[in-house]
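S.K.:
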Amino acid sequence: MLIDLAIVVFCLYVLSQVTEGRFLESLEILSNKWGLTASVAGATLMAIGSSAPELAIAMAAVFNDGGEHADVGLGAIVGSAMFNLLFVIGICAIPKRIDITPKNIIRDVAMYFIAVCWLLWVFVDPNVSLVESMIGVVLYVIYVIYLLMSSKKEGGAPPFDCEEHEARKYAPDDFPLSNFVVMIGVIAITCHFLVDSGVALANALKISPVLFGLTVLAAGTSFPDMMASYAVAKKGEGDMAVANAVGSNTFDILIGLGLPWLLSILFMSNQVVVQSEGLIENGALLLGSLVVVTVVLLGLKRLSRSVGIFLIACYLGYVGWIIVNYT
Numbered sequence: 009m010l011i012d013l014a015i016v017v018f019c020l021y022v023l024s025q026v027t028e029g030r031f032l033e034s035l036e037i038l039s040n041k042w043g044l045t046a047s048v049a050g051a052t053l054m055a056i057g058s059s060a061p062e063l064a065i066a067m068a069a070v071f072n073d074g075g076e077h078a079d080v081g082l083g084a085i086v087g088s089a090m091f092n093l094l095f096v097i098g099i100c101a102i103p104k105r106i107d108i109t110p111k112n113i114i115r116d117v118a119m120y121f122i123a124v125c126w127l128l129w130v131f132v133d134p135n136v137s138l139v140e141s142m143i144g145v146v147l148y149v150i151y152v153i154y155l156l157m158s159s160k161k162e163g164g165a166p167p168f169d170c171e172e173h174e175a176r177k178y179a180p181d182d183f184p185l186s187n188f189v190v191m192i193g194v195i196a197i198t199c200h201f202l203v204d205s206g207v208a209l210a211n212a213l214k215i216s217p218v219l220f221g222l223t224v225l226a227a228g229t230s231f232p233d234m235m236a237s238y239a240v241a242k243k244g245e246g247d248m249a250v251a252n253a254v255g256s257n258t259f260d261i262l263i264g265l266g267l268p269w270l271l272s273i274l275f276m277s278n279q280v281v282v283q284s285e286g287l288i289e290n291g292a293l294l295l296g297s298l299v300v301v302t303v304v305l306l307g308l309k310r311l312s313r314s315v316g317i318f319l320i321a322c323y324l325g326y327v328g329w330i331i332v333n334y335t
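Per the numbering used here, the sequence shown starts with residue 9, numbered consecutively.
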């Protein structure tokens, strides 16, 4: 058990280092090159980059042995969504009050709402069909296309300071496509060991693999999201911080679940079955927390320290609820 615990901790550390290293920095450079607005960059490139661990875990879980592995991957995605929505947005308000743009919040929240509704639809029947998985992937592709088109229409300025890259002694040419391939490979291999050890650790502790995914893996793999949002929040980029948190959730649900399911059905002829027990309730909580965050953000048009503490308390209450229900 101690060996499995050590592997889990080490894998989570590797994921945080890889994701927060040149991977995110290369995403910043792409944002500058493409002239994306801050909120669009947060909802697309930053969200996708910081959500790479969740996607890799879901891939490793579905293509491993199914069963408990798939339960761990599914739990990590759902738990990560709650962590991002409540804890990440809450922690962004702790350093200082940040202002937000209601129009951007409505855009990202609306798509996230659609993603959660799709997830609940899938959970109604534990057997995931080809059509269900395809709809998830297509919805995300349409969302990204819309964001990119709206950013170009608005004529967004580069959201990152190029001088900051010079201070780090990195130039745009230091980030070729091969870096992405290598880092994605490292993430995939790391997540393979993380899921295997996570299942073994959950069994040794005699806890549900879904509970382990909803808590430990969800928080661990979401740390890159938190670090990215917190960093831009300190610079006063409230729209980008919130867009990253909400956009990461949309990516995690539609691509983090939809894509592995789709590939498994298409290329491995596997019957994907989810352990839907308790996940309907989690999906309902996702919708409820989304309503709370949306009302707070649109009502106040800013994130204050008191709001941040309230959202963090809500997340801790959620963790308490799932521990009681899964033990």
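We put the CB at the ideal spot given by N, CA and C, even for glycine.
For residue 111, report the span of its alpha helix (DSSP H) as first-last.
M.R.: Counting along the chain, the alpha helix (DSSP H) containing residue 111 begins and ends at 110 to 131.
S.K.: Smallest Cα separation from residue 271: which of 92, 116 and 142?
M.R.: Residue 271 has its Cα closest to that of 142, out of 92, 116 and 142.
S.K.: The ligand SAH and residue 65: does the residue's C-beta get closer than 7 Å to at least one heavy atom of that ligand?
M.R.: In the structure on display, the ligand SAH does not appear, and there are no ligands present to speak of.
S.K.: Any chance you could list the alpha helix (DSSP H) runs of at least 4 consecutive residues sitting entirely within the segment 188 to 255, in chain order?
M.R.: Those alpha helix (DSSP H) runs which fall completely within the segment 188 to 255 and span 4+ residues are 217 to 220 and 226 to 242.
S.K.: Ignore the nearest five residues each way along the sequence and tell me which others in residue 202's own chain have a CB closer than 8 Å to its CB.
M.R.: Hits under 8 Å: 15, 16, 19, 20, 23, 65, 68 and 225.
S.K.: Could you tell me how far apart the beta carbons of residue 248 and residue 49 are, in whole angstroms, since I believe they sit closer than 8 Å?
M.R.: The Cβ separation is near 7 Å, so the contact holds.
S.K.: Enumerate in chain order the residues of its own chain whose CB-to-CB distance from residue 103 is below 8 Å, with the five nearest sequence positions on each side excluded.
M.R.: Taken in chain order, the residues that qualify are 238, 241 and 242.
S.K.: The alpha helix (DSSP H) that contains residue 275, what's its start and end?
M.R.: Per DSSP, residue 275 belongs to the alpha helix (DSSP H) from 266 to 275.
S.K.: Taking 6 Å as the limit between beta carbons, can you name the residues of its chain near residue 222, skipping five residues before and five after?
M.R.: For residue 222, where only same-chain residues beyond five positions count, the Cβ hits under 6 Å are 83, 87 and 330.
S.K.: Starting from residue 333, follow its DSSP beta bridges and name the residues at the other end.
M.R.: Answer by DSSP bridge pairing: none, since residue 333 is not bridged.
S.K.: Can you grab the Cα-Cα spacing for the pair residue 280 / residue 106, in whole Å?
M.R.: Each residue's alpha carbon lies about 42 Å from the other.
S.K.: Under a three-way DSSP split, which group does residue 319 fall into?
M.R.: In this structure, residue 319 counts as helix in the three-state DSSP scheme.
S.K.: Roughly how far, in whole angstroms, is the beta-carbon of residue 261 from the beta-carbon of residue 123, given that I think they are within contact range, below 8 Å?
M.R.: The Cβ separation is near 4 Å, so the contact holds.
S.K.: Tell whether a beta-carbon distance below 8 Å holds between residue 294 and residue 113.
M.R.: No, Cβ-Cβ distance for residue 294 and residue 113 is not below 8 Å.
S.K.: So is residue 276 buried or exposed if we call it buried at 16+ other beta carbons inside 10 Å?
M.R.: Label assigned to residue 276: exposed.
S.K.: Can the beta-carbon of residue 26 be found less than 8 Å from the beta-carbon of residue 215?
M.R.: In this structure, residue 215 does not lie closer than 8 Å to residue 26 by Cβ.
S.K.: Helix, strand or coil: how does DSSP classify residue 105 here?
M.R.: In the structure shown, residue 105 sits in coil (DSSP, three-state: anything other than H, G, I, E or B).
S.K.: On the premise that residue 108 lies in contact with residue 310, defined as a C-beta separation below 8 Å, what is that separation, rounded to the nearest angstrom?
M.R.: Indeed they touch by this definition, with Cβ atoms about 6 Å apart.
S.K.: Is it right to say residue 176 is buried, meaning 16 or more other beta carbons lie within 10 angstroms of its own, or is it exposed?
M.R.: Interpretation of residue 176 is limited by its pLDDT of 45, a score under 50 that renders its predicted location unreliable; the figure taken from the coordinates is listed afterwards. Classification for residue 176: exposed.
S.K.: Which residues bound the alpha helix (DSSP H) around residue 97?
M.R.: Per DSSP, residue 97 belongs to the alpha helix (DSSP H) from 97 to 100.
S.K.: Quick check: the Cα distance between residue 139 and residue 258, rounded to an integer number of angstroms?
M.R.: Distance between the alpha carbons of residue 139 and residue 258 is about 19 Å.
S.K.: Using beta-carbon positions only, say whether residue 253 and residue 93 come within less than 8 Å of one another.
M.R.: Yes, these two residues count as a Cβ contact at 8 Å.
S.K.: Around the Cβ of residue 210, are there at least 16 other Cβ atoms within 10 angstroms (buried) or fewer (exposed)?
M.R.: Buried: at least 16 other Cβ atoms inside 10 Å.
S.K.: Among residues of its own chain, excluding the 5 on either side of residue 116, which ones have a beta-carbon nearer than 7 Å to its beta-carbon?
M.R.: For residue 116, where only same-chain residues beyond five positions count, the Cβ hits under 7 Å are 51, 251, 254 and 255.
S.K.: Excluding the 5 residues flanking residue 148 on each side, which residues of the same chain have their C-beta closer than 6 Å to its C-beta?
M.R.: Same-chain partners within the cutoff: 262 and 263.
S.K.: Do residue 130 and residue 136 come within 8 Å of each other at the CB atom, strictly closer than that value?
M.R.: Taking 8 Å as the Cβ cut-off, residue 136 and residue 130 qualify as a contacting pair.
S.K.: Buried or exposed: where does residue 101 fall if 16 or more other Cβ atoms within 10 Å of its Cβ makes it buried?
M.R.: Buried, since its Cβ has 16 or more Cβ neighbours within 10 Å.
S.K.: Find out if the Cβ-Cβ distance for the pair residue 227, residue 91 is shorter than 8 Å.
M.R.: Going by C-beta atoms, residue 227 is nearer than 8 Å to residue 91.
S.K.: With which residues is residue 94 paired in a DSSP beta bridge?
M.R.: None; residue 94 has no bridge partner.
S.K.: Count the other CB atoms, across all protein chains shown, that sit within 10 Å of the CB of residue 9; report buried if there are 16 or more and exposed otherwise.
M.R.: Residue 9 is exposed by the Cβ-count criterion.
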